Amino acid sequence: MEKIYVLSESKESYNKFFNLINKHYNNSSFNSDCDELMKNIESQTSNHPSYENLNILFIEYPYMDKVKDCIENIDSSNYIVISFFTKKPSNIHKYKNLFKFINVSNKANVYQFFFNKLKQEIINKKKILFLQSEVKEFYEIGKSLSSERDTMKLLNMIINSSMKLTNSDGGTIYLVIDKFTKSWSSIKDSNYEDKLLKFEIAKNNSMDINLETSTTSITKESIFGHTVITGKSLKIDDVYNIDKNLSYKHNKKFDMLTGYKTKSMLSIPMKDNENNVTGVIQLINKKTSYNEKIDYSSISSFKKIISYDDHDESIMNSLASQAAVILDNNILYKDMQNLLNRYKEQNEHLSFLSKKLLKSNEDERKRIAREIHDGPAQYSSNSLLRLELIKKYFEKENYDKYKIELNNLEESLRETLKETRTIIYDLKPSYLENGLISSIKTYLNKFIDRTNLDVQFDVTGDDSYIEYYMTSALFRITQEALSNIDKHAAAKSIKISFNITNKKIILKILDDGKGFDISKLNNKKPSLKGGFGLEGIKERVDILKGSINIDSEINKGTEIKINIPL
């Protein structure tokens, strides 16, 4: 709406001209005070009027010198300034930003020519203001989109900005995802066989509609599918009157479920900087004003719905491309953040495991030292004492006792050798060289002889390509699990199974013992204290980057399931 300001000494002097102004524009105000008018002008200038609020100033020539500086400083795109007179001034060219000097003593046909020309100038000014407003809005949208890191907030901003720029009543965004991984993807060269469209977000100004996210197949029969496949926008005046010869048609399901009435539609592909289609923006029911509400229960309200024009299509193609690139960067940024967080967690976990490994090595050294002290060292000390005693018996020629102690010494040395071999064997069982399954079978034979437990051992797959470090770790895991069962489970039978494939090893150990409360184990926090038992088993599984699941119930036994990737 144009705002008309008239500055003149009196209405009576130019009554005929003022009547013509009022005839053409009903939003005019008369003012004879220059300072008051200048305040209004400055106020309008500082408020940055939109393209709908163009100001037209009719200023009587004698006032021009007083308002000259103000007129020259105002933004000429927001104002049209006309000076009127009865006697032509001599210095007509010294005023800038002046649209027209008009002699009000002219005939009526001259006035008509002037008002026609003014009308065209108003149209041109409004176009310029509209484009300026649109460019500014587009810039602000781009700046806001670029600074947003939250993906859902970004999608909200994209759809809200799209609706405002086109005066749309509703809008939706669909994104391309991979059919198998369900991660965001794109379509290149119309290759969409392994892709789906995911409905991400919908907005509506006239109805409160909440829709859950969903996925749909991509076909040329749907409007959004056709847009994604072809990579071209669709501008439809009435979706219920689409040419039957066209491959796509409107899906009426949404309208039937919600009571909404879709009419005009603009479907725009979102393309990244490599021209791959990443999604589609659908805008519905263009209106003359964005804030206008449509009562879909009233047929007369449908008259408020108008068609999208070429300008809408052009600006939305630009926005959609910009949004696609920003969204792609946003997803990349998010993926990088997740990757960095995973690296951080892994580094913290590796640091924890390294400390646990050092602690385990220290505990292992202490255990070996203790076993040597209690075993071979003790036997060696006894052997030295017996040797001293044998010397004395030999010197006293007490051969009977000499022979007895000599036999005792031999027995002590045999025990020392046996204990030493046991310690060496536990450190590196020689039969590990024969492979995982063979070494466990050898160990089980001895375990069964020692405990009299019923042990069932099943194997599928080939263990010949399992590396030594993994063979050793799996052997220790099995050994520790069997030791726990022997010491704590009070079991009668044990079932052990190995399933070896080219990608993983699955180890299951099941006993029929007394079981335990699994919640106490799950609530136990990681500790550097280390130790053996289930904690030691978990540590070795972690080092092998595997997973472990322990299922136990009091009086119903325990099952350990371990999955190790190869």
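Its first residue numbered 34, the sequence shown is counted upward by one per residue in our numbering. Where a beta carbon is used, it is the ideal one built from N, C-alpha and C, also for glycine. None of these values were measured; they are calculated from a predicted model.
{"Query": "Can you have a look at Ala524 and say buried or exposed, based on whether 16 or more other CB atoms are within 10 angstroms of its CB?", "Result": "buried"}
{"Query": "By Cβ distance below 7 Å, which residues in the same chain neighbour Ser530 in space, the five residues on each side in sequence not counted?", "Result": "Asp491, Lys541"}
{"Query": "DSSP has Ile533 in a bridge; who is on the other side?", "Result": "Ile538"}
{"Query": "On a Cα-Cα basis, can you pick out the residue from Val261, Ile37, Asp407 that is closest to Ala353?", "Result": "Val261"}
{"Query": "Is it true that the stretch 268-284 meets the stretch 179-199, where meeting means three or more beta-carbon pairs spaced less than 8 Å apart?", "Result": "no"}
{"Query": "Under three-state DSSP, which class holds Val137?", "Result": "coil"}
{"Query": "Going by Cα to Cα distance, which pick from Val574, Tyr38, Gly590 is closest to Ile551?", "Result": "Gly590"}
{"Query": "Mind checking His81: buried by the 16 CB within 10 Å criterion, or exposed?", "Result": "Per-residue confidence for His81 stands at a pLDDT of 47, beneath the threshold of 50, marking its modelled position as unreliable; no derived number is given."}
{"Query": "Do Tyr412 and Glu381 have their C-beta atoms closer together than 8 Å?", "Result": "no"}
{"Query": "Per DSSP, which residues does Asp544 bridge with? Please list them.", "Result": "Ile527, Thr591"}
{"Query": "Check whether the Cβ atoms of Phe508 and Leu469 sit closer than 8 Å, and answer yes or no.", "Result": "yes"}
{"Query": "Name the residue from Asn111, Phe134, Thr184, Leu151 whose alpha carbon lies nearest to the alpha carbon of Gln165.", "Result": "Asn111"}
{"Query": "Indicate the three-state DSSP secondary structure (helix, strand or coil) for Phe427 in the structure shown.", "Result": "helix"}
{"Query": "With DSSP as the reference, identify every bridge partner of Asp487, one or two as the case may be.", "Result": "Ser526"}
{"Query": "For the alpha helix (DSSP H) holding Asn52, just list the boundary residues, first then last.", "Result": "48-57"}
{"Query": "Report the CB separation of Ile576 from Ala514 in whole angstroms; it is logged as a contact under 8 Å.", "Result": "So it is not a contact: roughly 16 Å between Cβ atoms."}
{"Query": "Considering only residues of the same chain and omitting the five flanking positions on each side of Asp545, which have a CB-CB separation below 7 Å?", "Result": "Ala524, Lys525, Ser526, Gly590"}
{"Query": "Run the CB neighbour count on Glu572, radius 10 Å, all protein chains shown included, and call it buried at 16 or more, exposed below.", "Result": "buried"}
{"Query": "Looking at Tyr329 and Lys294, is the spacing between their C-beta atoms short of 8 Å?", "Result": "yes"}
{"Query": "So, do the stretch 207-217 and the stretch 149-164 have three or more beta carbon pairs nearer to each other than 8 Å?", "Result": "no"}
{"Query": "If you check the beta carbons only, do Thr119 and Val137 fall under 8 Å apart?", "Result": "yes"}
{"Query": "If you follow the alpha helix (DSSP H) that Lys199 is in, where does it begin and where does it stop?", "Result": "The question names Lys, but residue 199 is Thr in the sequence shown. Start and end: 184-199."}
{"Query": "Rounded to the nearest angstrom, what separates Met503 and Thr534 at their Cα positions?", "Result": "14 Å"}
{"Query": "So, are the CB atoms of Ile220 and Val310 less than 8 Å apart?", "Result": "yes"}
{"Query": "Given Ile242, which residues of its chain have a CB within under 6 Å of its CB, disregarding the five upstream and five downstream residues?", "Result": "Thr291"}
{"Query": "Would you check if the distance between the CB atom of Lys253 and the CB atom of Ser216 is smaller than 8 Å?", "Result": "no"}
{"Query": "Just mark Val248 as buried or exposed, buried being the case when its beta carbon has 16 or more other beta carbons within 10 Å.", "Result": "Rather than Val, the amino acid found at residue 248 in this sequence is Thr. So Thr248 counts as exposed."}
{"Query": "How far does the beta strand (DSSP E) with Val310 in it extend, from its first residue to its last?", "Result": "310-320"}
{"Query": "Just the C-alpha distance for Ile597 and Asn582, rounded to the nearest angstrom, thanks.", "Result": "12 Å"}
{"Query": "Round the Cβ separation of Glu170 and Ser266 to the nearest angstrom and send it over; I've been treating them as touching at under 8 Å.", "Result": "Contact doesn't hold; Cβ gap of about 20 Å is too wide."}
{"Query": "If we ignore side chains and look at the alpha-carbon of each, how far apart do Tyr172 and Asn189 end up?", "Result": "17 Å"}
{"Query": "Considering only C-alpha positions, which residue in the set Met240, Tyr225, Glu233 is nearest to Ser250?", "Result": "Tyr225"}
{"Query": "Within its chain, find whatever has a CB closer than 7 Å to the CB of Ile317; leave out the 5 residues flanking it on each side and keep chain order.", "Result": "Ser201, Asp202, Gly203, Gly204, Thr295, Met298"}
{"Query": "The beta strand (DSSP E) that contains Asn237, what's its start and end?", "Result": "228-237"}
{"Query": "Taking just the CA atoms, how far does Ser516 sit from Lys562?", "Result": "Low confidence applies to Lys562: its pLDDT is 44, below 50, so where it sits in the model is not reliable enough to give any reading."}
{"Query": "Rounded to a whole number of angstroms, what is the C-alpha to C-alpha distance between Tyr501 and Asp495?", "Result": "14 Å"}
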